[in-house]
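Engineer: Positions in the sequence shown are counted from 1; adding 2 to them yields the numbering used here.
Glycine is no exception: its CB is placed at the ideal position from the N, C-alpha and C atoms.
This is the structure I want to talk about, given as structure tokens.
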Amino acid sequence: MSEFDTGDSAAQEPQSETGRRAHASRRNFMRKVFFASGATAAATMGGAGAWAALADDATGTADATASAAPSGAPSGGPGGGAGGPGNQSITEDFFGLTTDGKRIDDLYTIHSTGVATAPVIAAASAFLAGLTDTQKASTQFTVHSTEWRLWSNIDSYERQGVTLADMTDDQKALGTALLKSALSADGLETTEKIRRINQAAGEAINNTNSFNENAYYWTLMGTPSATEPWGFQFDGHHLVINYFVLGDQVVMSPCFWGSEPTSMEIDGETVTVCHEEVVASLAFINSLSEAQQKVAIESSTKSNESMKAGAFSDNAVQAYTGIRGDALSATQKKKLFGIVEAFVGRAKADVAKVRMAEVRKHIDDTYVTWAGGITDDSAFYVRVHSPVVWIEVDCQAPGPLAGAYGATQGSGATQKHVHSIIRTPNGNDYGKELLRQHYLTSPHHR
């Protein structure tokens, strides 16, 4: 597989050209970071295959996204929730979320899961075949590319890839088919609702240049294959899906789901999104006894933004806090699983089943932390944190779309503006740990 040149095609539209220049600048920055610190990290991986995992096929340089030990103490960007203008850079090799800067080994292995990946492979292949050569040159990257990590949930971020706005109806249909092959009906509906509300809210504040249903970008990493690693990313305002495939193993994280507002009248229909995670979270906290709530609730007040591991926070370090799973009753554990299922259930049923089994295995080592109120309309923050799953649901203050629902920007956290994320701690976001093992163990990579 090779990474396509992303810098010189004169056939690109000016806006796409600007995006490519910004992307090239970010990649050059990353290469400097890697060469300053990455050699030690790569050496810990061992073997020629590990170095192959770091190689940039198009340029002969090294790519800092390969899963490896960090050259310094890993940490996320400040705040990490909004992926805002002050937080749009990667300054470290990928390491993953940890509790103390040290990864737990042997959590993830290459093995058969029984997941049917043939449909998503076929859909991705058809999607690529439907792109023009120019579009493909801006959209396809190596499986170990830094492009995995260069996502953001904010509207103004300079993205790479092909945007829905620049696709024909047939190409859009192929993209929808790819999402349909990867997501459950609920997952697909959630993506569509987020985009619909983004369009309607943009219309309400007379700013569809920034907020619309077509400002979402596709990128593919690697080449769709039944045996080699590959994946895709769908990236835009309030919606980011990272989907990694290796054989019949799937890692669908990080995924960001959000909306402002979370409910809106559109063409006579009430469109509501990000409701399942809010309801499931409140159901869990209200299942706890008063004594248990004192352990779980770290604050009765809610700040405007609380998210710890949003965009550009791949290496966040967060100690376990809150109530531990082994202190919960069977009924309370079921409520906790309800929060996880709200996210995991957005993948196909077989992928979700494998993921939930992984989460259940670590239930006694799962912690839940809460901030804010616990009534039906309370603004709150909840974090579910175990060795294998990280979930945050964050009710935020009204933002740039506040005018669409009669609110004032920054006026206090509300359920009408929700950000949420699911990640895979200890090094397997973007399937990075599986990718590392693949390069180390596959004979053709040695």
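Quick one: measure Cβ to Cβ for A1 and V370, integer angstroms, because I've assumed they're closer than 8 Å.
Structural biologist: Since the first residue of the chain shown is 3 and the last is 448, residue 1 is not available in this structure.
Engineer: Does G238 come out as helix, strand or coil in the three-state DSSP assignment?
Structural biologist: DSSP, read as helix, strand or coil, puts G238 in strand.
Engineer: Give me, in chain order, the residues of the same chain whose beta-carbon lies closer than 8 Å to that of S289; leave out the 5 immediate sequence neighbours on both sides.
Structural biologist: T333, Q334, K337
Engineer: Tell me the residue span of the alpha helix (DSSP H) that contains D172.
Structural biologist: In the DSSP assignment, D172 falls within the alpha helix (DSSP H) that extends over 171-184.
Engineer: Quick one: measure Cβ to Cβ for H421 and G340, integer angstroms, because I've assumed they're closer than 8 Å.
Structural biologist: About 19 Å; that fails the 8 Å criterion.
Engineer: Consult DSSP for N306 and reduce its assignment to one of helix, strand or coil.
Structural biologist: N306 sits in coil when the DSSP states are folded into three classes, being neither helix nor strand.
Engineer: So E160 is in the beta strand (DSSP E); what residue range does that whole segment cover?
Structural biologist: That residue, E160, is in no beta strand (DSSP E); it is neither H nor E in DSSP.
Engineer: Between which two residues does the beta strand (DSSP E) carrying F258 extend?
Structural biologist: 257-261 is the extent of the beta strand (DSSP E) around F258.
Engineer: My output table needs one value for Q320: the three-state DSSP class, helix, strand or coil.
Structural biologist: Three-state DSSP puts Q320 in coil, outside helix and strand.
Engineer: Pop quiz: V145 and L437 are said to be a contact at Cβ under 8 Å. What is the actual Cβ separation, rounded to whole angstroms?
Structural biologist: 7 Å
Engineer: Going straight from the alpha carbon of W392 to that of V386, what length do you get?
Structural biologist: 6 Å
Engineer: Give the straight-line distance between the Cα atoms of T93 and D316, rounded to the nearest whole angstrom.
Structural biologist: 11 Å
Engineer: Any idea what DSSP makes of G86, helix, strand or coil?
Structural biologist: Legend: pLDDT at G86 = 41, less than 50; position of this residue unreliable, value from coordinates given subsequently. Three-state result, G86: coil.
Engineer: Closer than 8 Å is the cut-off here; do at least three beta carbon pairs connect the stretch 170-180 with the stretch 246-262?
Structural biologist: no
Engineer: Which residue's Cα is closest to the Cα of D188: K104, V346, C397, S154?
Structural biologist: Comparing alpha-carbon positions, the option among K104, V346, C397, S154 lying closest to D188 turns out to be V346.
Engineer: Below 6 Å CB to CB, which residues in the same chain sit around P121 once its five sequence neighbours on both sides are set aside?
Structural biologist: S183
Engineer: Can you give me the C-alpha to C-alpha distance between H277 and R198, rounded to a whole angstrom?
Structural biologist: So the two alpha carbons sit approximately 15 Å from each other.
Engineer: Would you kindly work out how many angstroms separate the C-alpha atoms of I196 and A282, rounded to a whole number?
Structural biologist: 19 Å
Engineer: With S283 as the anchor, note down where its alpha helix (DSSP H) starts and where it stops.
Structural biologist: Per DSSP, S283 belongs to the alpha helix (DSSP H) from 278-287.
Engineer: Using only the alpha-carbon positions, how far apart do S186 and D352 sit?
Structural biologist: 10 Å
Engineer: Using a Cβ-Cβ cutoff of less than 7 Å, which residues in the same chain neighbour G367 once the five nearest sequence positions on both sides are dropped?
Structural biologist: Looking at the sequence shown, residue 367 is not Gly but Asp. Cβ within range, chain order: G327, S388, P389.
Engineer: Bridge partners of Q251, per DSSP?
Structural biologist: Bridge partners of Q251: L248.
Engineer: Does chain C have any CB closer than 8 Å to the CB of E360?
Structural biologist: Among the chains of the structure shown, chain C does not appear; only one protein chain is present.
Engineer: Beta-carbon separation of E262 and G408 under 8 Å?
Structural biologist: G408 sits away from E262, with the two beta carbons spaced by 8 Å or more.
Engineer: Hey, how far is the Cα of M169 from the Cα of A118?
Structural biologist: 28 Å
Engineer: Do you know offhand how far T274's Cα is from L109's?
Structural biologist: 36 Å
Engineer: Can you give me the C-alpha to C-alpha distance between N155 and K363, rounded to a whole angstrom?
Structural biologist: For N155 and K363, the gap between their C-alpha atoms comes out near 31 Å.
Engineer: What would DSSP say about A38, mapped onto helix, strand or coil?
Structural biologist: For A38, the predicted structure reports a pLDDT of 32, less than 50, and the residue's modelled location is therefore unreliable. A value from the coordinates is still provided. A38: helix per DSSP, three-state reduction.
Engineer: Buried or exposed for G62, please, with buried defined as at least 16 other CB atoms from any protein chain shown within 10 angstroms of its CB.
Structural biologist: Annotation note: pLDDT 26 at G62 (below 50); position unreliable, no value reported.
Engineer: What residue from G224, N200, A206 has the CA that sits closest to F213's CA?
Structural biologist: N200
Engineer: Taking all protein chains shown into account, decide if H419 is buried (16 or more other Cβ within 10 angstroms of its Cβ) or exposed.
Structural biologist: buried
Engineer: Measuring CA to CA, which of D269, L222, Q411, A399 is closest to R151?
Structural biologist: L222
Engineer: When burial is assigned at 16 or more other CB atoms within 10 Å of the CB, is M32 buried or exposed?
Structural biologist: The pLDDT assigned to M32 is 40, lower than 50, so where the model puts this residue is not dependable; a value taken from the coordinates is nonetheless given after this. Classification for M32: buried.
Engineer: Per DSSP, what are the beta-bridge partners of V395 in this structure?
Structural biologist: V384, S422
Engineer: Tell me which residue opens and which closes the alpha helix (DSSP H) that V356 is part of.
Structural biologist: 351-363
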